[in-house]
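Undergrad:
As structure tokens, this is what we get:
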């Protein structure tokens, strides 16, 4: 399987009190993401690269598909179910957008936008231009 190099462009975290944070989203990326003709919706985590699923999944690398059972609260009904579930996801050329939720007492919603870099040169260009953001706390 081809190894994916991912550039995490931004993460939006909407907590119970609805705060949000968007970082390092360039004008070019914003324009691409707003063009709905470039994207198609996917309905299964199997339609996403494993590296993208791993960014959203729980510590056991589990992420429920939309509509599947999951542990939405702290009252665990089935310990084999994941704590996170995809609400919707879209794929477009080199971009992946995943809207997912995390259960528990602090039930939260997240949006991950990941960009696949074609090669090492593309990675270096993104690094030099400031498109890579390593300031975010990804453990959520």
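Residue numbers (the working numbering): 705 to 844. Backbone N, C-alpha and C fix where the C-beta goes; we use that ideal spot for every residue, glycine too.
Classify residue 827 as helix, strand or coil using the three-state DSSP reduction.
TA: helix
Undergrad: Tell me, which residues are paired with residue 774 by DSSP?
TA: Its beta-bridge partners do not exist; DSSP assigns none.
Undergrad: Which full runs of the beta strand (DSSP E) of 3+ residues lie inside the region 727-752, going along the chain?
TA: 744-746
Undergrad: Using DSSP's beta-bridge definition, name the partner residues of residue 796.
TA: 799
Undergrad: With burial defined as no fewer than 16 other Cβ atoms inside 10 Å of the residue's Cβ, what is the status of residue 784: buried or exposed?
TA: exposed
Undergrad: Closest to residue 751 by C-alpha separation, out of 795, 805, 815 and 829, would be which residue?
TA: 795
Undergrad: According to DSSP, is residue 765 helix, strand or coil?
TA: coil
Undergrad: Could you tell me if residue 731 is buried or exposed, where buried requires 16 or more neighbouring beta carbons within 10 angstroms of its beta carbon?
TA: exposed
Undergrad: For the beta strand (DSSP E) containing residue 818, list its first residue and its last residue.
TA: 812-821
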